[in-house]
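Numbering (this note's numbering), first residue to last: 10 to 479.
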């Protein structure tokens, strides 16, 4: 019985099938047979142990683990409660690129913000499941990602340029016409292949390879260079460009505001001398102490907040069924700051502005403005808002009538500062003057309240010391 078990176990081991123990005919029940089996097993397991510790065995084991790489589908992420779809603007990676965890793969444009699609795991992009400019919905399959494989040496960036000298020359000439690429392939490669060290000759051919690169540069951007071209004399050309989602949403909201609110605008003129003098006195000290550049927006924001204490309806809104049957008064002030971006006008919000001083408000405005220009605003940055300030003066606007940002009740418009002759104590003097415009919803605000609110702002701007006692 013991001899049969030993012989069966020996034949089941892949390494021991060819061992003498599996082929021997010596009776294992005898004393000589047991001694022979003991020596054979010892030598066989010694060979197995040495093979496992060898580099060749470890290499085979590592290569087998690559077979267990898994494919993962990257889906359109959740964007916001009110956003269920968007336009796939661009893929930031190409098929075959290696991406790290949380690295951006694509950008989806919505009617409010741009949403970045990040890799849920490290891996290689195998396939795009949607095309650019397609309308995609939340949860839709977007990218097929192969995970589990080892990262290329040097990381994801190294994967794009693994061969140093040959790849660089090929990439530089890939955008050239076929005639130039054939010439580039016929002459430089033999010189590079003949050199044993690719790192040394790489800098030498790089200027040669980079010389033809500027030639196709204009052809690589035909879409952006064609529209600005001046039309031929007498030509009557037309171009139709589809509006992006943000522009469509802005148009919809502005038209909704005009159709819903009973808008009316009142104007006033403010002398900016005192505020400009105060800013010139303390801006360097504040910048050195806090790192914040003191501007005019914080002063107007603070003046509006203090004026709301006397006219709280400016910070209220109308809600309810139909055109609205309920007035909502708020004890907090969330100021929407209008910021112009390349894609359109956005209104990020300085929350709880009533709790901030002028430096704190200026800091928040600067941070939100930078996020808006860098397309880093989130839904939370723009959700809500109880009062809006729009500064068209930075573009040179002398006077305008801003449109209410529903469901808010009023919007304050600032304009350009111009030197004008004014009468002060019976004398004509030159002062820096600015027109103020307050557009308000006449359903909630009467003319007396709106004018009083704007006059309060004017008084505090012309004498900023009043803001200390308000």
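All residues carry an ideal CB built from backbone N, CA and C; glycine is no exception. Since the model is a prediction, treat every value here as computed from it, not as a measurement.
Secondary structure of residue i, DSSP reduced to three states
i: residue 138; result: coil
i: residue 102; result: coil
i: residue 321; result: helix
i: residue 93; result: coil
i: residue 336; result: strand
i: residue 310; result: helix
i: residue 278; result: strand
i: residue 360; result: coil
i: residue 464; result: helix
i: residue 88; result: coil
i: residue 265; result: helix
i: residue 156; result: strand
i: residue 341; result: coil
i: residue 119; result: coil
i: residue 222; result: The predicted position of residue 222 is uncertain, since its pLDDT is 43 and thus under 50; a value taken from the coordinates is nonetheless stated next. The answer is coil: DSSP assigns residue 222 none of H, G, I, E or B.
i: residue 144; result: strand
i: residue 390; result: helix
i: residue 327; result: strand
i: residue 471; result: helix
i: residue 245; result: coil
Cross-strand partners of residue i (DSSP beta bridge)
i: residue 399; result: 422
i: residue 366; result: None, per the DSSP bridge assignment.
i: residue 355; result: 348
i: residue 446; result: 276 and 422
i: residue 441; result: 428
i: residue 149; result: Residue 149 pairs with nothing; no bridge assigned.
i: residue 125; result: 116
i: residue 82; result: 153
i: residue 133; result: 107 and 155
i: residue 433; result: 436
Contact under 8 angstroms by Cβ, residue i with residue j
i: residue 273; j: residue 449; result: yes
i: residue 278; j: residue 442; result: yes
i: residue 340; j: residue 362; result: no
i: residue 398; j: residue 349; result: no
i: residue 422; j: residue 401; result: yes
i: residue 318; j: residue 367; result: no
Nonlocal neighbours in the same chain, by C-beta distance under 8 angstroms from residue i, ignoring five residues either side
i: residue 259; result: 353 and 354
i: residue 427; result: 407, 441, 442 and 443
i: residue 329; result: 335
i: residue 108; result: 102, 114, 128, 131, 132, 133, 134, 154 and 165
i: residue 293; result: none
i: residue 126; result: 83, 85, 86, 113, 114, 115, 116, 117, 151 and 152
i: residue 382; result: 348 and 350
i: residue 414; result: 262, 266, 345, 356, 394, 397 and 420
Other residues of its chain near residue i: CB distance less than 7 angstroms, five sequence neighbours each side excluded
i: residue 257; result: 120
i: residue 405; result: 425
i: residue 458; result: 320 and 322
i: residue 93; result: 146 and 147
i: residue 460; result: 275
i: residue 384; result: 123
i: residue 150; result: 82, 84 and 138
i: residue 338; result: 321 and 325
i: residue 271; result: 450, 451 and 452
Cut-off 6 angstroms between Cβ atoms - residues of its own chain near residue i, not counting five sequence neighbours on either side
i: residue 462; result: 316, 320 and 323
i: residue 300; result: none
i: residue 112; result: 128
i: residue 437; result: 430
i: residue 390; result: 357
i: residue 360; result: 343
i: residue 479; result: 315
Could you check whether the segment 129 to 147 touches the segment 103 to 117, counting it as contact only if at least three pairs of C-beta atoms, one from each stretch, sit closer than 8 angstroms? Here the segment 129 to 147 makes contact with the segment 103 to 117; the two share three or more CB pairs at distances below 8 angstroms.
Do the segment 453 to 461 and the segment 411 to 422 make contact, defined as three or more Cβ pairs closer than 8 angstroms? The segment 453 to 461 is in contact with the segment 411 to 422.
With three or more C-beta pairs closer than 8 angstroms as the rule, is the segment 120 to 130 touching the segment 143 to 156? The count of Cβ pairs closer than 8 angstroms, one atom from the segment 143 to 156 and one from the segment 120 to 130, reaches three, so the stretches are in contact.
Does the structure place the segment 357 to 374 close enough to the segment 292 to 312 that three or more beta carbon pairs sit under 8 angstroms? With a cut-off of 8 angstroms, the segment 357 to 374 and the segment 292 to 312 count as touching, because enough Cβ pairs lie within range.
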